[in-house]
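Chemist: Input: one structure, supplied below.
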Amino acid sequence: MSEFNDFPNTMVITLKEILDGKKPVLYVSHDEEDGMWQFLDGSDELDTDNARIVTLEEILEIDGSLSSLWDLPIGWKAERVNKDTKWVRQENA
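Structure follows, in structure tokens:
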């Protein structure tokens, strides 16, 4: 599947539009506080009504390019301009 250290059934945060295929994942965060993964669309605000919890395995099935972020350290984020560009990694401020 992938090289993620987390189990395939690890819960992650994403958005309904990503699950529906209407928006790509453009922002990934590996949160410092709790180690939670967030796979979002890159917009500035998280609409909690639109937020969904799925497994790591499910989000990787939606976008296989996310598997390249398996080694993103806790407290870091990765962003890209669109689904065809490379991920840019940086430490969360």
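Numbering-wise (the UniProt record's numbering), the sequence shown opens with residue 1 and increments by one.
All C-beta atoms in this analysis are idealised placements derived from N, C-alpha and C, irrespective of residue type, glycine included.
Hey, quick one: how far does the beta strand (DSSP E) through L15 stretch, first residue to last?
Modeler: Unbroken beta strand (DSSP E) run through L15: 11 to 15.
Chemist: Which residues share a DSSP beta bridge with I53?
Modeler: The partner list for I53 (beta bridge, DSSP) reads I13.
Chemist: Hey, does K16 have any beta-carbon neighbour from chain C nearer than 8 Å?
Modeler: Considering every chain present, this structure includes no chain C. It has just one protein chain.
Chemist: Determine which residues share a DSSP beta bridge with R89 and list them.
Modeler: A78.
Chemist: Can you grab the Cα-Cα spacing for the pair N50 / E79, in whole Å?
Modeler: Taking the straight line from one Cα to the other gives about 20 Å.
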